[in-house]
Structures are given as structure tokens and as C-alpha cells.
Amino acid sequence: MTERVETKLTELGLSLPAPLVLPSPNRIAAKLVGTTLYISGHGSDLLDDDSVKRHGRVPDRVSAEEAYETTRALALKMLATAKWAIGDLDRIAEIINLKGYVYSHPDFDAMNAVINGASDLLFEVFGDPAGVHTRSTIGVTALVKNQSVEIDAVMRLHE
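Numbering of the sequence shown is given in the working numbering, commencing with residue 190 and proceeding in unit increments.
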């Protein structure tokens, strides 16, 4: 039987990519503590989708609009990782928090518009109130492997 969240993804014309699998034994892509699911940082270098720009500083090499699409794709990958960790996306009761990091020029001050890509996707999939979350958006001078963006999240599961 198709799950409610995955049905919504299909309605949006989306399908889950492969989840994040980390190559090191000292960290994991997602960790469940009680009913709280912590999702590790998902950076643009992890995307297999060639339709999004993954590397370079915003807005010099990657426009804010391109970075928005990248964070949207990262949110989808984050959901794939959540499914890997908990088995069924319908177990997610709500998105608690989203953090976004944007490799940006010092004069660029629209990091929030970039991370809206992830927030918008989560809201479209989970709706109100489950998809409404707290958020921090941080501009940084560098990210690993010259990635343009990285996001992580905290989710609460149904008991």
C-alpha cells in the first residue's frame, strides 16, 4: 500500500532519491532518540541530480534561484534518509527544526530565500501544522567540497 506522504510526493511529481549513507563508522545519516529523529547535514555535493547547481558561492557562481532549487532537492533527499531510518514517512508527526547553511558572498543577504526551497518542499509535503517548522539560516564563508548549501533537520515521530 502506498503511504500518505509518498502519495503526496507523487502528486507533486517527485520521487525519493537514494538516502544519504555516510562512509565513516563514527557518524550516521539519521539518529532516532525516543520520538525525535535527527537528520545529519545534507550538502549539495550529495545530489545526483544534474539539473541543480551544487558547487560554488551564492550568488557569484550559483544564483539564489538555483540555490533555492538545490535546497529543495536536498529536502527530498533528507526525506529519503528519514525513510531509511524509520521505514515509513507517515511516522513523521512534524518537522520541528530546519537549519540551512549557505556558502555566500559577504554582501549577499538573501540566504533565507535560498533555504526557502527546503522549507517550501517540507510544507508542501506535510502541510499545516506538521510542515511548519522553526528555522535558522546561516551564511558561511565555506562549505565542505565547495558545496553551495547544506541543510539538516529535527523531526518528531508519532508515538
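Using N, Cα and C, we set each Cβ at its ideal position, and we do this for glycine too.
Just so you know, these numbers come straight off a predicted model, no measurement behind them.
- A contact between stretches requires three or more CB pairs, one per stretch, nearer than 8 Å, and the segment 241 to 254 fails this requirement with the segment 312 to 321.
- Per the C-alpha coordinates, the member of LEU226, TYR290, ILE228 and LYS266 positioned closest to VAL338 is TYR290.
- With respect to the 7 Å criterion, ILE304 and THR326 are classified as neighbours on the basis of their beta carbons.
- If you compare the alpha carbons of VAL329, TYR227, ALA264 and ILE284 with that of ARG216, the shortest gap goes to TYR227.
- Using a Cβ-Cβ distance cut-off of 8 Å, the segment 198 to 208 and the segment 262 to 281 are in contact, since at least three pairs of beta carbons, one from each stretch, lie closer than that value.
- Bounds of the beta strand (DSSP E) holding THR326 are 323 to 329.
- In the three-state reduction of the DSSP assignment, LEU203 falls in the coil class.
- If only complete runs of 4 or more residues are kept, the segment 228 to 283 shows the alpha helix (DSSP H) at 253 to 275, in order along the chain.
- Residue burial annotation: LEU211 is exposed, with fewer than 16 other C-beta atoms found within 10 angstroms of its C-beta.
- Linking GLN336 to ASP309 through their CA atoms gives a straight-line distance of about 21 Å.
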